[in-house]
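Once you know that position 164 of the sequence shown is 198 in my numbering, the rest is easy, because the numbers rise by one and skip nothing.
We treat Cβ as the ideally placed atom computed from N, Cα and C, and that holds for glycine.
For clarity, every value in this text was computed on a predicted model and none was experimentally measured.
Structure first, commentary second.
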Amino acid sequence: MSSLFADTHNVVTILEKSDTAEGFEQIIDFISGSYIHYALTVSPHIYISCIKQFWNSVSVKRSGDVTRLQALVDNKKIVISEAVIQEILQLNDAEGVVCLPNKEIFAGLAQMGTSWNEFNTTMASAVICLSQGQRFNFSKYIFDSLVRNVDSSSKFHMYLWFIQLIIQTNIADLSTHTTRYISPTLTQKVFVNMRRVGKGFSGVETPLFESMLVVRDVAKEAEAQVLDTCSALACRVEGLENDKAAQQLKIVKLKARVKKLEKINKVKSSKLRRLKKVGTSQRIESSDDIENVFSQGRMIADMDMNEGIELVKDAEVLSMQEYDTEVQEAIEIVTTAKLMTEVFTAAATQVVAASTPIPAAKPKILNIAAAH
């Protein structure tokens with residue numbers, strides 16, 4: 035096996051903004067606020083002897099559905115699995131996306147203004163997930179890459195930083211190892227051609243490309259509009275419910291008043307019928323009796339009219355279509371009261387006509403002259 039240290043593959047990420055470069059400020063801000071920040075920037079001392087021992091002795095162990103890497107470093111067993119990588123690199127991505135469907139990959143790359151031939155399927159999925167704020171399962175991606183490298187005929191010393199972190203977790207004392215690996219590109223920044231727009235991390239998460247920023251802002255704006263609309267509709271529904279409760283209370287009160295008026299009108303109708311019977315069956319002997327009859331008639335008519343007016347005013351409140359039944363009932367009561375008044379007036383007229391005394395004809399005195 036050729037023992038190769040691929041400098042370009044094992045470069046460390048230094049997230050600093052340069053005064054002379056431009057174009058990558060958004061990338062730096064994005065990664066600084068991302069869950070992959072630690073995995074990209076952690077930089078332990080890498081000992082060449084440790085890395086060589088690991089890759090010279092590593093093998094793939096499979097037990098059922100579980101796959102792991104096993105190696106010996108300083109005669110101590112080093113075991114690496116997907117869960118171990120996730121814990122060591124603080125990724126917390128067990129539920130992350132492994133690979134997106136082709137349809138979503140095409141759509142995502144089109145939004146970023148790039149094509150599929152620039153990435154393989156897995157890396158395209160990773161880039162799209164990062165740009166859309168989804169979690170990608172980098173732990174599985176790293177572990178699968180390590181397994182493929184072990185089985186490769188041209189394997190090399192890959193992921194030095196990750197391997198060294200795992201070795202340090204299992205071996206506390208590495209003082210016997212002195213030769214450190216220093217990449218020729220270690221002092222170079224991964225993002226060349228950068229320009230400083232502000233000092234330090236701006237605190238604002240931005241997407242990897244400018245086109246992502248536009249798409250993401252539109253999505254947030256649409257989401258905000260939906261939330262505002264939902265809030266306004268909720269307030270409107272609450273207001274309508276309150277109005278409905280108030281109207282129902284008014285309806286209950288008006289129904290009670292209508293029932294009360296119906297009872298009063300029934301009593302008055304009964305009195306009118308009795309009065310009519312009395313008027314038609316008895317003679318009125320004096321002008322005082324006639325005046326009492328008319329006074330009673332006017333009082334009853336006035337009461338009917340007053341009650342009818344109040345009922346009409348109350349019924350006007352129910353002008354909405356759903357209250358037509360209550361309004362009709364009130365109108366019928368007023369109409370009944372008016373009819374009763376007319377009946378009483380007609381009856382009183384008949385009583386007066388019947389009670390007018392007819393003067394008896396004086397007997398004519400015949401003067402009969404005696405015949406002489």
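When you compare only the Cα positions, how much space is there between residue i and residue j?
i, j, result
"Leu-194", "Asn-171", "20 Å"
"Phe-196", "Ser-173", "11 Å"
"Asp-207", "Ile-122", "18 Å"
"Gln-198", "Ala-258", "45 Å"
"Ser-353", "Lys-287", "Low per-residue confidence applies at Ser-353: pLDDT is 46, beneath 50, and the placement is therefore not dependable, though the value from the model is reported in the following sentence. In a straight line, the C-alpha of Ser-353 is about 15 Å away from that of Lys-287."
"Met-246", "Ile-139", "For Met-246, the pLDDT reaches just 41, beneath the cut-off of 50, and the residue's location in the model is therefore unreliable, leaving the point undetermined."
"Tyr-175", "Ser-209", "32 Å"
"Lys-297", "Ala-280", "26 Å"
"Asp-185", "Val-92", "10 Å"
"Gly-237", "Ile-70", "Here Gly-237 scores only 49 on pLDDT, less than 50, and its place in the model is too uncertain to base an answer on."
"Cys-264", "Ile-114", "49 Å"
"Thr-101", "Leu-261", "46 Å"
"Val-346", "Lys-302", "Note that Val-346 has pLDDT 47, beneath the 50 cutoff, so the model's placement of it is unreliable and the number below is only indicative. Spanning the two alpha carbons is a distance of roughly 19 Å."
"Leu-134", "Gln-168", "11 Å"
"Ala-128", "Lys-278", "51 Å"
"Ser-97", "Leu-103", "11 Å"
"Gly-273", "Asn-299", "39 Å"
"Met-192", "Phe-177", "11 Å"
"Leu-295", "Lys-305", "15 Å"
"Asn-154", "Ala-256", "32 Å"
"Lys-284", "Ala-290", "10 Å"
"Cys-269", "Thr-203", "57 Å"
"Leu-74", "Gly-142", "24 Å"
"Ala-144", "Asn-126", "29 Å"
"Leu-309", "Glu-275", "51 Å"
"Asn-183", "Leu-267", "58 Å"
"Met-146", "Ser-179", "26 Å"
"Val-292", "Val-271", "31 Å"
"Arg-307", "Gln-282", "37 Å"
"Lys-110", "Thr-148", "46 Å"
Between which two residues does the alpha helix (DSSP H) carrying residue i extend?
i, result
"Thr-101", "Counting along the chain, Thr-101 falls outside any alpha helix (DSSP H), though it belongs to the beta strand (DSSP E) covering 100 to 107."
"Lys-86", "82 to 91"
"Ser-165", "155 to 165"
"Met-146", "136 to 146"
"Phe-407", "Examination of residue 407 is not possible in this model, given that the chain is present from 35 through 406 alone."
"Tyr-72", "71 to 75"
"Asn-26", "Lying outside 35 to 406, the shown extent of the chain, residue 26 is not represented and no answer is given."
"Ser-198", "In the sequence on display, residue 198 carries Gln and not Ser. It spans 194 to 204 - the alpha helix (DSSP H) in which Gln-198 sits, taken as one unbroken run."
Of all the options the options, which has the alpha carbon lying nearest to the alpha carbon of residue i?
i, options, result
"Val-166", "Gly-130, Met-192, Asp-185 and Ser-188", "The residue asked about is misnamed: residue 166 is Gln in this sequence, not Val. Checked all of Gly-130, Met-192, Asp-185 and Ser-188; the closest Cα to Gln-166 is Gly-130."
"Ala-158", "Phe-177, Ser-179 and Asn-136", "Asn-136"
"Ser-77", "Arg-214, Ala-279 and Ala-268", "Arg-214"
"Gln-87", "Ala-256, Ser-265 and Phe-190", "Phe-190"
"Ser-68", "Thr-101, Cys-163 and His-79", "Cys-163"
"Asp-99", "Leu-267, Ile-200 and Glu-116", "Glu-116"
"Ala-105", "Ile-205, Cys-133 and Leu-306", "Ile-205"
"Ser-3", "Leu-274, Leu-143 and Asn-90", "In the structure as shown, the chain starts at 35 and stops at 406, and residue 3 therefore has no counterpart that could be examined."
"Val-132", "Arg-308, Arg-270, Thr-156 and Lys-294", "Thr-156"
"His-79", "Leu-267, Thr-212 and Ala-266", "Thr-212"
On the premise that residue j lies in contact with residue i, defined as a C-beta separation below 8 Å, what is that separation, rounded to the nearest angstrom?
i, j, result
"Val-94", "Val-161", "About 28 Å separates the two Cβ atoms, so there is no contact after all."
"Gln-124", "Tyr-72", "5 Å"
"Cys-84", "Val-107", "6 Å"
"Ile-82", "Ile-201", "At roughly 12 Å, the Cβ-Cβ gap does not stay under 8 Å, so Ile-82 and Ile-201 are not in contact."
At which residues does the beta strand (DSSP E) containing residue i begin and terminate?
i, result
"Ile-112", "110 to 114"
Give a single yes or no on whether residue i has its beta carbon closer than 8 Å to a heavy atom of the ligand ADP.
i, result
"Ser-265", "Summarising the ligand content, the structure contains no ligands, and the ligand ADP is consequently not present."
Could you tell me which whole beta strand (DSSP E) segments of length 3 or greater appear in the region 256 to 311?
None, since the region 256 to 311 contains no complete beta strand (DSSP E) of that length.
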